[in-house]
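What follows is a short report on a single structure.
Protein chains in written order, with this note's numbering: chain A, 20 to 580; chain B, 7 to 216; chain C, -4 to 121; chain D, 125 to 440.
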């Protein structure tokens, strides 16, 4: 048992935390402290989450009746395009890496900041410029091409502000590339002494793998969108079928980015869930090395499967077979991870805190999302269900059920470390459970109507699907409530929440060895790592965490340097 | 040993230099894929419409292309010498070489401008009054204009950075031997040159043989 | 060469020599590829020009960018870019050459639709 | 298509039934896996909740890496089995049967224009006989559309500038939804129609009753004369041009020594870019019809030249 008194120094509230290290707006806008940049990003993505969420609510309202009168055809097209573009590039891709990745990566590896602090701030400014461009596009009239910008519609036939939307995504792409460069170099160069590669927490592994995927995928998206801009602005016939151009070439370039992009969105969620399950079942993650190879496997094989979005797009049957085969291979590492999480619970000491409820919800929803991925990877079924609501339900299960619930789990787990306050327990658990049921109620009916023939992006649909749409819209109301609730009680906790100790959950990560909120330079003395990650002892676990110091870790990963 | 160039998160300057180099190489990997997807588009159309692409390939001015390639290769040499001189602390040599590199870059841009003017004059801009009749020939020039334009943008950024560094090195305060940013600038410049090394045969040498 | 190099010609050669040598090699390769482009090699022209381009690129990468003397990590980053680009090419070309013969017929799409949806004449924000 | 909700849409085509079998198999496997994961989580959560008396301590020996490798391999084999089953189903039905009725579909911004073999045209409707394979030859005039008949489990994108093909064979009569599955612009939601499957006899009566649509071949013949092709290619006259009678399907030698089979691609390319593949023994004097012949003209000319092969109205 470590000496408890040494820990008490950490629990006393500090005065020089990163929050009150400079309170002028200028100090925030020119900060190079990775923790403040994380909060800046946190503001941006929350704003975009609510813009995209508002669009989603309007879509669900429109679809309640078969010939919805809330929007004209053109209005509805611009609405779902807005929902797609903002949710994909302005919330999901940056969500976990730029907020929790920025905040926690240096803390978890025992560094005082990321490798290139100024590049990190520049990345946020690029994200903001991209955000302004997309808001300008939205205000001026929106874009009506769908978030996939398929040519020749986007390059030759669309009358909307395609260039503004394309420029916005181009800029945001380079913002994520900058974050990717930062994370790769940070993990290589700034690990604390003793923190070898296989002692890294799995969250750091997922940030590293996500950075690799970002670096190698985003440039191809930048080019495909730049070619659309070239064709619209200068009339250069690149995808123009009249001059022998091939629209399928655009789809190849676009999906070469956009499938790895879904791994950019889900890998950080894997990292978060591994941390949560390990901490709240008090056990080392089952098969740590297998999890690491699964992460790397997903980020590598994820690049070879993009064609399963194009099975009916006029690709050759040979290519369809190759992509279908590789899509089944990439499903195997995901299956490994689900089973490893499940077996981490075995012989553990399980606490049902709010983050744990989100993590367990994640496993359930991600399993359904992943398995329906097998449906869409097998050729005959995908020929039927592609561009139907079955596919809409599939990617919402993986993105919203997976990535967003992991984001909220991370939010509740590291909230004490970020803000120095504990979130109210009861409300947090209620929100987690509400989100799980609201989500299922919203998206499961879409599987059924998808297979029955409900077309994607149709707002005048055949009347026999109305029952599913009404059910889905009712679920969407519950889901919206489940998303708004945390914004309420977390803001409340900022002012009147219970003060958080350095390690309120008794977790073993290095980020819990410094005070909450941490000082600007993260660690008073640089920690030395002597243990592998997740050294918990479920058998000697002390009783409930109400008693003050009851939850201190037995073997924190790092002693004082 | 700490020198003024040492940044906050690093304790040792050589570790910081290695990190800067790794960061730049990771960025270069993304640039390889950035231009690589343009090359992919070109190669796909070359396989779909071989005759038309070769026929259009004969329209580009090979003299401009070759002289421009020579200019960029020489600018790589001067940048390499600037890098070596920086390691030895020869301040005036570094400034001289950087200036030469920037000058060669500007020469490339000027020649490129002249070539563009000539292309426009010869109706090589894809559009209704395009010089060649076969429709797929316009695809070649769709890629010609976008590839050379994107390369020229990268080159302009490179020239601006080289001038900035030449000015900073010429002022006494800047400790350029230890600075991690100068070698990274060299890596970026060499990449822009390598991209042109592959653009040259693609756009200028295709279909020349009888 | 450089007046302030007190230890005389050694630094001059070391400074300029190797780089100039590589520069000359690059120029020779440029001349070679230009000459080969006009030779009737019946289809081998493209192969020749790209292998020479690869040689020029390798010279610049290994010597000017000092990759030969850098830690393996940097070469790994460069290699990763190339390998991923290679897979992009390889898997995309499982599509184009294998398209069904019946589907290779080129049709002519109509002129850009002139209906209400056509883009209004004159310059509008794209 | 009444408004009452539907809970299942039985497959109405041969391929569709095969897809449904695979779908049920996958549903079964997925339900099993979800139940497995669910029961594991619930039992562990209850048994090992904080404060319960269940034994903790080191993992039993059984859970060493062999267990991990074991079920990874099992999952991999299961997935490969599903891949094999799916691909076998897809490949078996890929090539259209030779005796399929060929129908032309031209997609345009927000409508499907279908054309029966005898030239009868319809908008957003497709009449077809039951139990006979139908092959669709599709092209688009502007953007990418997609021909989706949910009841047949059939979908193919329709690309501008290119032909895409697909086939299905209806197993029961009735009227089925037709949607455009690829986003194609403002009225994408409105684009769609019906596929009406009729008994063979009714279909034959229906086609006969259609107004004498310009039979592709006959219309091609008229165009052949109007556009001046007959001037060189029909019968004997001063200009030395290949006679097209009986040419379709034969493999002819080209000027550069290679040979090519006269099919739709070769005929179209020779009309648009005659100098590319010149027949052996002829000079490249034929003018290009690029920009002169529209897509509709080309389809008719090709049909006419194909009809020449059977010698019906050769040398008209």
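Where is the CB? At the ideal position from N, CA and C, for every residue including glycine.
Within the same chain, 365 and 368 come within 6 Å of residue 357/D by CB-CB distance, once the 5 residues on both sides are set aside.
With respect to the C-alpha of residue 59/C, the residue from 63/B, 23/B, 70/B and 82/B having the closest C-alpha is 82/B. Between the segment 338 to 346 of chain A and the segment 286 to 300 of chain A, the count of C-beta pairs closer than 8 Å stays below three; the two stretches do not touch. Residue 399/A belongs to the set of residues whose beta carbon lies under 8 Å from a beta carbon in chain D. Separation of the CB atoms of residue 344/A and residue 327/A is rounded to 10 Å, and the pair is thereby denied contact status at 8 Å. Within chain B, the C-beta atoms nearer than 8 Å to that of residue 400/D come from 57, in chain order. Taking C-beta separations shorter than 6 Å and ignoring five residues to either side along the sequence, the partners of residue 414/D in its chain run 396, following chain order. For residue 416/D, the three-state secondary structure derived from DSSP is coil. Cβ atoms of residue 272/A and residue 132/B stay farther apart than 8 Å, at about 20 Å.
According to the DSSP assignment, residue 262/D belongs to the beta strand (DSSP E) that extends over 257 to 264. When the five nearest sequence neighbours on each side are left out, the beta carbons in the same chain lying within less than 8 Å of the beta carbon of residue 272/D are those of 278, 279, 302, 303, 304 and 305, in order along the chain. DSSP lists no bridge partner for residue 84/A. Against chain B, the beta carbon of residue 93/C has no neighbour under 9 Å; the closest one sits roughly 12 Å away. Residue 294/A sits buried, since 16 or more C-beta atoms from the chains shown fall within 10 Å of its C-beta. For chain C, the residues of the segment 57 to 74 of chain B that bring a beta carbon within less than 7 Å of one of its beta carbons are 72, in chain order. Around residue 335/A, the beta-carbon contacts reaching into chain C at under 9 Å are 89, 90, 91, 92, 93, 94, 95 and 98.
Among the residues of chain B, those whose CB is under 9 Å from the CB of residue 79/C are 35, 38, 39 and 42, following chain order.
Residue-level contact check: residue 355/A touches chain D, since one or more beta carbons of chain D fall below 8 Å from its beta carbon. For the options 171/B, 176/B, 209/B and 97/B, the alpha carbon positioned closest to that of residue 191/B is the one of 171/B.
Residue pairing by DSSP leaves residue 543/A without any beta bridge partner. As computed with DSSP, residue 239/D is found in a beta bridge with 228/D and 245/D.
Straight through space, the alpha carbons of residue 151/D and residue 478/A are spaced by roughly 28 Å. Setting aside the 5 residues that flank it on each side, residue 435/A is surrounded in the same chain by 441, 519, 523 and 535, each with a C-beta closer than 7 Å to its C-beta; the list follows chain order.
Straight-line measurement puts the Cα of residue 416/D at about 17 Å from the Cα of residue 409/D. Rounded to whole angstroms, residue 485/A and residue 82/A show a C-alpha spacing of 8 Å. Secondary-structure assignment with DSSP links residue 281/D through a beta bridge to 270/D. About 45 Å separates the beta carbons of residue 355/D and residue 321/D, which is beyond the 8 Å limit, so they are not a contact pair. Residue pairing from DSSP places residue 299/D in a beta bridge opposite 320/D. Just so you know, the alpha carbons of residue 162/A and residue 75/A end up roughly 16 Å apart. Residues are counted here when their Cβ sits less than 8 Å from a Cβ of chain D; for the segment 112 to 145 of chain B these are 139, 140 and 141, given in chain order. In this structure, the CA atom of residue 425/D is about 19 Å from the CA atom of residue 403/D. Within chain D, not a single residue places a beta-carbon under 7 Å from that of residue 35/C; the smallest gap is close to 16 Å.
Here residue 70/B is near residue 121/B, since their CB atoms are less than 8 Å apart. The criterion of a C-beta distance shorter than 8 Å is not satisfied by residue 109/A and residue 239/A. When C-alpha distances from residue 155/B are compared across 36/B, 205/B and 213/B, the shortest belongs to 205/B.
Sequence-distant partners of residue 149/B (beyond 5 residues in either direction) whose C-beta falls short of 6 Å from its own C-beta, in its chain, are 48.
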